[in-house]
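A.B. asks:
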Amino acid sequence: MKLDARRLDDFQPPEQAGFRKGFSTIDHIYTLRQIVQKSEEYNLPLCLAYVDYEKAFDSVEIWAVLQSLQRCQVDCRYIEVLKCLYSRATMAIRVQNQSTKPIQGGVRQGDVISPKLFTAALEDVFKLLDWKGYGININGEYITHLRFADDIVLMAESLEDLSTMLNDLNSVSQRIGLKMNMDKTKIMFNVHVTPMPVVVGNTKLEVVDEYVYLGQIVRLGKSNFDREVNRRIQLGWAAFGKLRHIFSSGIPQNLKTRLYTQCVLPVMTYGTETWSFTAGRMRKLKVAQRAMERAMLGVSLRDKLRNEDIRSRTRVTDIAQRISKLKWQWAGHIARRTDNRWGRKVLEWQPRTGRRSVGRPPTRWSDDLVRFAGSRWMQVAQDRALWHSLGEAYVQQWTCEGL
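Sequence positions in the sequence shown follow UniProt numbering and run 1 to 403.
Below is the structure:
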């Protein structure tokens, strides 16, 4: 079904990034962070709702899935095969000689095509929503939400609009068997929004200060990165701790280095290409990495070994080098993008209704790129060879020992 899986992708909008070739969680994390940052810089109202469905993949009605496949013009032979698979297969659970009712709803967990079947049905839900004029105005286009499979975040300029959108989504979702989990659905809004309770059905939704969206903490306000920096370090130590018995063993150092590079470093650097870089944030990560290297070697600060000597023995990739390289590659990717995704649009977004506060503006995601490659860095990035050659010098500025 490879051909028809590609067809299903073609019918998905840029708001859906889940289980699609060429898309990743970074697309949506970056888009959301840019909207949060620019709303803060220009003092714009911003409301967010993080929607959670109860057992989404197990609850969606099969008729809705098959209907969505017809809309996507999937070969009728494939549709018939899936129809037979789902209509003639049931499951029940027996506990102490008592069986549950046959389970017939939902898509098959673990099946490679199941995520695409679910997202196709979910797209039919969003097509029924009339949200014209809702959302955040991005240079004349409105973005109302982002989706990564069933991870959904809604956006609005007021809590009244957000409440309307949530109730609309809840009502339409129920038609295909999806039930919103009111206990796990959360909202947040910045200081430029007039507070009011948001009620969906008969349930008042909880307001939170932060939320883990696709593995990254999102906060509104000026310190929207600091908590995530600390969290990356904590998660890195947690990953390191699970392997401490190996790192403290007598196996060759090159094997420890490979294990660290594959199992710990990716945890600490996940999503960092979407951050606004500062020397302070980079220094925190470097200090944490040095501590891990000392733990690998079985030495402490009292041994007074120079950082260069430690690095020559561990030979691990410098975390600042890894992070800055990820950002440089992502920046080039965004600059060359021509597929109408929101990442490029929010990068070029210049809000016209808000006003900046007096004083020094907060550090922007593109500030270090502008300082290094100039204000026309997006044009420079069109030349892949030139951009690649400049990348080494960009990375070098963040890996110097002075940080």
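Just so you know, even glycine gets a beta-carbon here, dropped at the ideal spot from N, CA and C.
Taking just the CA atoms, how far does Q98 sit from P197?
C.D. replies: Here the question's residue 197 lines up with position 197 in the sequence shown. Here the question's residue 98 lines up with position 98 in the sequence shown. Roughly 44 Å separates the two Cα atoms.
A.B. asks: Bridge partners for T203 per DSSP, in chain order?
C.D. replies: Reading the sequence shown from its first residue, position 203 is the one you call residue 203. In the DSSP output, where bridge partners are listed per residue, T203 has V200.
A.B. asks: Can you give me the C-alpha to C-alpha distance between D368 and T25, rounded to a whole angstrom?
C.D. replies: Numbered from 1 along the sequence shown, position 368 holds the residue referred to as residue 368. Numbered from 1 along the sequence shown, position 25 holds the residue referred to as residue 25. Distance between the alpha carbons of D368 and T25 is about 23 Å.
A.B. asks: Starting from N307, trace the beta strand (DSSP E) in both directions and tell me its first and last residue.
C.D. replies: Position 307 of the sequence shown, counting from 1, holds the residue named residue 307. Segment 307-314 is the alpha helix (DSSP H) holding N307; no beta strand (DSSP E) there.
A.B. asks: Nearest-angstrom Cα distance between V36 and R337?
C.D. replies: Start at 1 with the first residue of the sequence shown, and residue 36 comes out as number 36. Start at 1 with the first residue of the sequence shown, and residue 337 comes out as number 337. Rounded to whole angstroms, V36 to R337 spans 21 Å at the Cα level.
A.B. asks: How close, in whole Å, do the beta carbons of A120 and S68 come, if the pair is a contact with beta carbons under 8 Å?
C.D. replies: In the sequence shown, residue 120 corresponds to position 120, counting from 1. In the sequence shown, residue 68 corresponds to position 68, counting from 1. Right, the Cβ-Cβ distance comes to about 4 Å (below 8 Å), so this counts as a contact.
A.B. asks: Look at F277 and W398 and say whether their C-beta atoms are less than 9 Å apart.
C.D. replies: As a working mapping, residue 277 is identified with position 277 in the sequence shown. As a working mapping, residue 398 is identified with position 398 in the sequence shown. Yes, the pair counts as a contact, with Cβ atoms nearer than the cut-off.
A.B. asks: Between which two residues does the alpha helix (DSSP H) holding Q397 run?
C.D. replies: Translated into positions along the sequence shown, residue 397 becomes position 397. Q397 -> alpha helix (DSSP H) spans 384-399.
A.B. asks: Hey, Y53 and K179 are a contact pair by Cβ (cut 8 Å); roughly how many whole angstroms apart?
C.D. replies: Residue 53 sits at position 53 when you count from the first residue of the sequence shown. Residue 179 sits at position 179 when you count from the first residue of the sequence shown. Indeed they touch by this definition, with Cβ atoms about 7 Å apart.
A.B. asks: According to the Cβ coordinates, are I143 and W330 closer than 9 Å?
C.D. replies: To locate residue 143, count along the sequence shown from 1; it is residue 143. To locate residue 330, count along the sequence shown from 1; it is residue 330. Contact flag unset, no.
A.B. asks: Less than 8 Å between C-beta atoms, sequence neighbours within five positions excluded: which residues of the same chain meet that for residue 411?
C.D. replies: A question about residue 411 goes unanswered here, because the residues of the chain that appear run from 1 up to 403.
A.B. asks: May I have a chain-ordered list of the alpha helix (DSSP H) segments no shorter than 4 residues that lie completely inside the stretch 130-208?
C.D. replies: Runs found: 159-174.
A.B. asks: Once you ignore the five residues that flank D27 on each side, which residues in its own chain have a CB closer than 7 Å to its CB?
C.D. replies: Translated into the one-based positions of the sequence shown, residue 27 becomes position 27. Closer than 7 Å at the Cβ level, and outside the excluded window around D27, lie A17, R341, G343.
A.B. asks: Grab me the residues of V107's own chain with a C-beta within less than 6 Å of its C-beta, minus the 5 sequence neighbours each way, in chain order.
C.D. replies: Stepping through the sequence shown from its first residue, residue 107 is reached at position 107. For V107, where only same-chain residues beyond five positions count, the Cβ hits under 6 Å are F57, S114, L117, F118.
A.B. asks: Report the residue from V264, I138, I319 whose alpha carbon sits nearest the alpha carbon of residue 413.
C.D. replies: Lying before the first or after the last residue shown, residue 413 is absent from the chain, which here runs from 1 to 403.
A.B. asks: Using a Cβ-Cβ cutoff of less than 7 Å, which residues in the same chain neighbour H192 once the five nearest sequence positions on both sides are dropped?
C.D. replies: Taking the first residue of the sequence shown as position 1, residue 192 is located at position 192. Correct list, in chain order: N43, L44, P45.
A.B. asks: For E40, which of V358, L386, E392 has the nearest alpha-carbon?
C.D. replies: As a first step, residue 40 must be located in the sequence shown, where it is residue number 40. Looking at the Cα atoms, V358 is the closest of the given residues.
A.B. asks: Which of the three DSSP states is assigned to V299 in this structure?
C.D. replies: Here residue 299 refers to the residue found at position 299 when the sequence shown is read from its first residue. In this structure, V299 counts as coil in the three-state DSSP scheme.
A.B. asks: With DSSP as the reference, label T257 as helix, strand or coil.
C.D. replies: Residue mapping note: residue 257 aligns to position 257 of the sequence shown, counting from 1. Looking at T257 - three-state DSSP - the assignment turns out to be helix.
A.B. asks: Measuring straight from C-alpha to C-alpha, what distance separates R281 and D226?
C.D. replies: Counted from its first residue, the sequence shown places residue 281 at position 281. Counted from its first residue, the sequence shown places residue 226 at position 226. Spanning the two alpha carbons is a distance of roughly 8 Å.
A.B. asks: Output needed for Q216: all residues of its chain with C-beta closer than 7 Å, excluding positions within five of it in sequence on either side, in chain order.
C.D. replies: Reading the sequence shown from its first residue, position 216 is the one you call residue 216. Excluding positions up to five away in sequence, the list reads I29, E228, G271.
A.B. asks: Once DSSP output is grouped into helix, strand and coil, what is the label at V267?
C.D. replies: For this step, residue 267 is matched to residue 267 along the sequence shown. It is helical.
A.B. asks: Suppose you measure from the CA of Q321 to the CA of G236; what does that come to, to the nearest Å?
C.D. replies: Here residue 321 is taken as the residue at index 321 of the sequence shown, counted from 1. Here residue 236 is taken as the residue at index 236 of the sequence shown, counted from 1. Distance between the alpha carbons of Q321 and G236 is about 17 Å.
A.B. asks: Distance check for R384 and R7, CA to CA, integer angstroms please.
C.D. replies: Locating residue 7 in the sequence shown gives position 7, where the first residue counts as 1. Locating residue 384 in the sequence shown gives position 384, where the first residue counts as 1. The alpha-carbon atoms of R7 and R384 are separated by roughly 30 Å.
A.B. asks: Can you give me the C-alpha to C-alpha distance between W328 and R175, rounded to a whole angstrom?
C.D. replies: As a position in the sequence shown, residue 328 is number 328, starting the count at 1. As a position in the sequence shown, residue 175 is number 175, starting the count at 1. Cα-Cα distance, rounded: 44 Å.
A.B. asks: For N170, which residues from the same chain have a beta carbon less than 7 Å from its beta carbon, with the 5 sequence-adjacent residues on both sides left out?
C.D. replies: As a position in the sequence shown, residue 170 is number 170, starting the count at 1. Excluding positions up to five away in sequence, the list reads M180, V200, G201.
A.B. asks: Taking 9 Å as the cut-off, decide whether the C-beta atoms of I334 and M268 are in contact.
C.D. replies: Taking the first residue of the sequence shown as 1, we reach residue 334 at position 334. Taking the first residue of the sequence shown as 1, we reach residue 268 at position 268. Result no, Cβ atoms of I334 and M268 do not sit closer than 9 Å.
A.B. asks: Which whole-angstrom value describes the C-beta separation of L297 and T314, a residue pair presumed to lie in contact below a C-beta threshold of 8 Å?
C.D. replies: On the sequence shown, position 297 is the one that residue 297 refers to. On the sequence shown, position 314 is the one that residue 314 refers to. Contact holds; Cβ gap of about 7 Å.
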